[in-house]
Amino acid sequence: MASFPPRVNEKEIGNMMKVLRGHQNWVYSCAFSPNSSMLCSVGASKAVVAAILV
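Here it is in structure tokens:
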């Protein structure tokens with residue numbers, strides 16, 4: 129089930145780490161940086177949002 133706004137959860141435990149703000153509609157794609165410290169996402173409005181995770 130999709131949630132809005134998107135959330136980043138820990139892989140092992142599932143605890144919520146961060147709520148991603150900035151998209152007003154659906155998020156279509158996301159990508160982590162090589163060291164997993166940043167997440168970039170693109171939504172229906174074609175806006176790109178970057179989130180620092182650490």
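For the sequence shown, this note's numbering assigns the number 129 to the initial residue and increments by one for each residue that follows.
Don't be surprised by glycine CBs; every beta carbon is placed ideally from N, CA and C.
Just to check my reading of the structure: residue i and residue j have Cβ atoms closer than 8 Å, yes? What is that Cβ distance to the nearest angstrom?
i	j	result
residue 153	residue 179	Incorrect: roughly 17 Å between the Cβ atoms, too far for contact.
residue 182	residue 165	5 Å
So, for residue i: in the same chain, excluding its five sequence neighbours on each side, which residues have a beta-carbon less than 7 Å away from its beta-carbon?
i	result
residue 158	167, 168 and 169
residue 163	none
Taking 9 Å as the cut-off, decide whether the C-beta atoms of residue i and residue j are in contact.
i	j	result
residue 149	residue 177	yes
For residue i, collect the residues of the same chain with a Cβ closer than 6 Å to its Cβ; drop the 5 residues on either side in sequence, then sort them by chain order.
i	result
residue 161	none
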